[in-house]
Each structure stands twice: as C-alpha cells, then as structure tokens.
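J.: Next up is a structure, given as structure tokens.
Residue numbers (this note's numbering): 245 to 507.
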C-alpha cells in the first residue's frame, strides 16, 4: 500500500476522533462543573532512510499520527449563585469532592457541588444527584441533622454577631465533619467515568486532603467549555480533514496516471 494513502486515511480518521471530542465539549456547555477535554496527538515512529534504525539522520520518513489520549484541564470556571445552602462551588484548581457509591463502596471524585439531603435507613446524608454520598475530611459519609427550615431561614436573615466566649465552640467546630476537598499530585492521570466524575488511572494513587479549601456556598461552578475556542478548533479540524482527504485523492490520481502510462 502506498504510504501517502495510509497517511492521508490515518489523518482523516484522527480528525474524526478530534471532532468527537469537540462536539462533546460543546454539548456540555451548560452542564455544571463540566471540564472540557483536549485531543492530544502523537507522531508515529519515524524510520531512517538508507541507515540503521538507531541512527540520527536528516533522511527520515514518518507514518502519520495518532490520537494518543484526551487531556482534561481541571481549572476554575465561572461561578453563579443558586441560593441553595447545599450547593458548593470550588474556587481553586485541581481540587475535588470525594464521593462514594453506597451500593458498591467505590470512591470517585467530582467538581460538581450540586448536593442534596438524601434519606437513608440510618439517617440523612449529603448526596449527589446520582445518589452517591459526599465524604468529609476523614473520608466518612457526611451525616446531616434534620433542621427546622423556618428557623434556619430566620437566622440567615438576621445580622447577629457571635459572642466572645464562643472561641471554644469554634475549636470544636473544626473537628466536626465538614465538606472537604481533595487534590492529586498529578491530576492529568485522572480518568473520566461519566457524570463528571473521575478516578485515578494508576493503582495505589491516593488523594490528598486540602488543608484550607476555598469554596463558595450557595453557588455552583459553571461549565469550563469556551465556545469561541471550541469553534476555532472545529474550523481547524475541518480544514485538516479536507487536506487529508485531498492527499488521498491526489495519491489516487497519481497512481491512476502511472497505471495508464504503463498500458
């Protein structure tokens, strides 16, 4: 098979994969805490012409490219207010909520802080929309007390100052279970498992507790998709796709001409 056919067809196939990544980013432009992905390409192995494979020469030929992986950036995005006390927006990059599936015990990580008070057999827990429990700083499910909603709303409307003798209570509050954030030394090694949740690719990788987490209550982090950037990538990918097909077409015309000259 002519190498030009192979390189052109491979390029068109890779552009199709990149278009799928771009379309997924645009489809999630309104999803809470969605993190867009970027297609990362790698050049296939080059080989030396008229020399040994280990030699470094100027006469090298390649065999196209391939889509090696998709990279997810875990930076911060725009914050919008919701007014719900159980909504949390992460204000720092590379930080995640630790959640656990009560059925399987599997732990995943997410930046989506849209939580609710879910009722279980042994009480009320802070849970995600998919029914997973949010874990505290001790990696234990957060058990919530049932509070009087009217009294809670009244306290929010009043402007009161704490008394000076509440210092001991503040120290005790630091030890109480609370919503916590976790981070990884290398977040690029996180793999998406759906529902904007991630797990480490490598076995034995453990999350580290963020000592002073930066969160906003009553707010949620928006999608990280930049529409202008994605449309720019879309145009670039469409042009690359057309060039790859043009290479295949040109190679076909050359091959046809040579066969006709041969008679």
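All C-beta atoms, glycine included, are put in the ideal place defined by N, C-alpha and C.
Predicted, not measured: the structure shown is a model, and the values here were computed from it.
DSSP three-state call for residue 253: helix, strand or coil?
T.: Residue 253 sits at position 9 when you count from the first residue of the chain shown. Of the three classes helix, strand and coil, the one that applies to residue 253 here is helix, per DSSP.
J.: Span of the beta strand (DSSP E) holding residue 499?
T.: Along the chain shown, read from residue 1 onward, the residue named residue 499 stands at position 255. No beta strand (DSSP E) holds residue 499; the alpha helix (DSSP H) holding it covers 471-506.
J.: Does the count of Cβ pairs from the stretch 252-270 and the stretch 473-492 closer than 8 Å reach three?
T.: yes
J.: Does residue 331 come out as helix, strand or coil in the three-state DSSP assignment?
T.: In the chain shown, counting from the first residue as 1, residue 331 sits at position 87. Strand at residue 331.
J.: Per DSSP, what kind of secondary structure is residue 467 in: helix, strand or coil?
T.: Residue numbering aside, residue 467 sits at position 223 when the chain shown is read from its first letter. Reduced to three states, the DSSP call for residue 467 is coil.
J.: Going straight from the alpha carbon of residue 327 to that of residue 383, what length do you get?
T.: Counting from one through the chain shown, the residue named residue 327 turns up at place 83. Counting from one through the chain shown, the residue named residue 383 turns up at place 139. Answer to the nearest angstrom: the Cα atoms are 27 Å apart.
J.: Does the pairing of the stretch 423-436 with the stretch 452-470 give three or more beta-carbon distances under 8 Å?
T.: Contact holds: three or more Cβ-Cβ distances are below 8 Å.
J.: Check whether the Cβ atoms of residue 463 and residue 339 sit closer than 9 Å, and answer yes or no.
T.: For the purposes of this step, residue 463 is taken as residue 219 along the chain shown, with counting starting at 1. For the purposes of this step, residue 339 is taken as residue 95 along the chain shown, with counting starting at 1. Between residue 463 and residue 339, the gap from beta carbon to beta carbon reaches 9 Å or more.
J.: In the DSSP assignment, what are the bridge partners of residue 385?
T.: Position 141 of the chain shown holds residue 385. 379.
J.: Across the stretch 495-507 and the stretch 354-367, are there enough close Cβ pairs to call them in contact, namely three or more that are closer than 8 Å?
T.: Touching, no.
J.: Per the contact definition of three or more C-beta pairs closer than 8 Å, is the stretch 469-485 in contact with the stretch 341-350?
T.: no
J.: CB-CB under 8 Å to residue 331, same chain, minus the five flanking residues each way: which ones, in chain order?
T.: The residue you call residue 331 lines up with position 87 of the chain shown. Answer for residue 331: 357, 358, 359, 461, 462, 463, 464, listed in chain order.
J.: Quick one: give me the first and last residue of the beta strand (DSSP E) that residue 324 is part of.
T.: Residue mapping note: residue 324 aligns to position 80 of the chain shown, counting from 1. Residues 323-325.
J.: How far does the beta strand (DSSP E) with residue 344 in it reach, from first residue to last?
T.: Position 100 of the chain shown holds residue 344. For residue 344, the uninterrupted beta strand (DSSP E) segment begins and ends at 341-344.
J.: What would DSSP say about residue 444, mapped onto helix, strand or coil?
T.: Your numbering for residue 444 matches position 200 in the chain shown. Residue 444 falls in the strand class under three-state DSSP.
J.: Assign residue 377 to one of two classes, buried (16 or more other C-beta atoms within 10 Å of its C-beta) or exposed (fewer than that).
T.: Counting from 1 along the chain shown, the entry for residue 377 is found at position 133. Counting Cβ neighbours within 10 Å, residue 377 comes out buried, since at least 16 surround it.
J.: Residue 320 by DSSP, collapsed to three states: which one?
T.: Residue 320 sits at position 76 when you count from the first residue of the chain shown. Under the three-state reduction of DSSP, residue 320 is assigned to coil, being neither helix nor strand.
J.: Secondary structure at residue 434, three-state DSSP: helix, strand or coil?
T.: Taking the chain shown and counting its residues from 1, the one referred to as residue 434 is at position 190. In the three-state DSSP reduction, residue 434 falls in the strand class (E or B).
J.: Could you name the residues of the same chain whose beta carbon sits closer than 7 Å to that of residue 220, not counting the 5 residues immediately before and after it, in chain order?
T.: The structure shown has nothing for residue 220, since the chain only spans 245 to 507.
J.: Roughly how many angstroms separate the alpha carbons of residue 270 and residue 261, rounded to a whole number?
T.: Here residue 270 corresponds to residue number 26 of the chain shown, with the count starting at 1. Here residue 261 corresponds to residue number 17 of the chain shown, with the count starting at 1. Near 15 Å, if we compare the C-alpha coordinates of residue 261 and residue 270.
J.: In whole angstroms, what separates the C-alpha of residue 404 from that of residue 284?
T.: Here residue 404 corresponds to residue number 160 of the chain shown, with the count starting at 1. Here residue 284 corresponds to residue number 40 of the chain shown, with the count starting at 1. Any answer about residue 404 is weak, because its pLDDT of 44 lies below 50 and its placement is not dependable; what the coordinates show is given next. Straight-line Cα distance between these residues: approximately 53 Å.
J.: Looking only at its chain, what residues have a beta carbon closer than 6 Å to the beta carbon of residue 280, apart from the 5 residues adjacent to it on each side?
T.: If you number the chain shown from 1, residue 280 lands on position 36. Answer for residue 280: 269, 468, 469, listed in chain order.
J.: Distance, Cα to Cα, residue 440 vs residue 263?
T.: Counting from 1 along the chain shown, the entry for residue 440 is found at position 196. Counting from 1 along the chain shown, the entry for residue 263 is found at position 19. One alpha carbon belongs to residue 440, the other to residue 263, and they sit about 20 Å apart.
J.: Going by C-alpha distance, which of 355, 473, 435 is nearest residue 337?
T.: Working through the chain shown from its first residue, we reach residue 337 at position 93. Taking only the C-alpha atoms, the option nearest residue 337 is 355.
J.: Who are residue 428's beta bridge partners in DSSP?
T.: Taking the first residue of the chain shown as 1, we reach residue 428 at position 184. Answer by DSSP bridge pairing: none, since residue 428 is not bridged.
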